[in-house]
Amino acid sequence: MSHLSPSNTAPLVNSKGMFKLLVIKPEDYRQQTRKATWIIIAVFVALAMLLSSLFVMFFGEPGGDNFRLNMAGVAMGVVITAALVRQLFSKQSWMAANVYGWRLKRSLMSVTNVMHHVTAGVAAQNPAAMKLLRFYHLGLIQMHQLDGNTGEASQIVYEADAHKQCMQALDIDGDQQTLDPAWIQAVKSTSV
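In numbering that gives the first Met the number 0, the protein residues as written are 0 to 191.
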């Protein structure tokens, strides 16, 4: 898949909170995220300048120190831009790659937060822990590839392949493209 859009990113997180990895060309991902970043920067700059000018025009003193009003305009620009990104822009097709990247990183962080439980579960050959670690490896490799950090991705491949072989020896499917939050709960509850 070379182009992300809201229609094909909608199934990334389903009603059960599961996140699914997609096949994305890193070059297309980076091109789309750069475009979205420039759009957001342009919106922020325009809002900050407009609001600062309006604050100075209506509340400022001619020839006086209007630094606080300018800063208030910039702060309001940040708040409005953040609200626009969250409520409006994140639903646009030009933001699909960014949204996917954010969700990927959040999914990886949810595993990282329980990694001590995961490693203990893998040592005990807990199937949920084995699946979590496999998803984590696949997601981490993809994140590094999308970000253009192939050196880091290649370092993880050896560990990921060794873990996949352990899963195959236990007859656990090594193709874990989806993160199921139930695995996290299962891993946390078994290692408490």
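We treat Cβ as the ideally placed atom computed from N, Cα and C, and that holds for glycine. All of these numbers come straight from a predicted model, not from anything done at the bench.
Judged by pairs of C-beta atoms under 8 Å, the region 82-97 does not touch the region 110-124, as fewer than three such pairs exist. Taking 7 Å as the cut-off, the Cβ atoms of Leu107 and Gly59 do not count as close.
A straight-line Cα-Cα distance of about 11 Å links Trp37 and Met94. When secondary structure is reduced to three states using DSSP, Lys24 falls in the coil class, being assigned neither helix nor strand. DSSP places Ser106 in the uninterrupted alpha helix (DSSP H) bounded by 95-111. Within the model, the alpha-carbon separation for Gln91 versus Lys34 is close to 13 Å.
Within the same chain, Ile183, Val186, Lys187 come within 7 Å of Val113 by CB-CB distance, once the 5 residues on both sides are set aside.
The residues Pro25, Tyr28, in chain order, have a CB closer than 6 Å to that of Leu145 in the same chain once the five nearest residues on each side in sequence are set aside. Using a Cβ distance threshold of 7 Å, Gly72 and Phe54 count as a contacting pair.
Annotated as proximal: Gln175 and Arg133, with beta-carbon spacing under 7 Å. DSSP, read as helix, strand or coil, puts Leu145 in helix. In the three-state reduction of the DSSP assignment, Leu178 falls in the strand class, which pools E and B.
When DSSP states are grouped into helix, strand and coil, Lys187 belongs to the helix group. A distance of 7 Å or more separates the beta carbons of Leu131 and Val156. By the Cβ-count criterion, Gly16 is exposed, with fewer than 16 other Cβ atoms from all chains shown falling within 10 Å of its own Cβ.
Per DSSP, reduced to three states, the secondary structure at Lys19 is strand.
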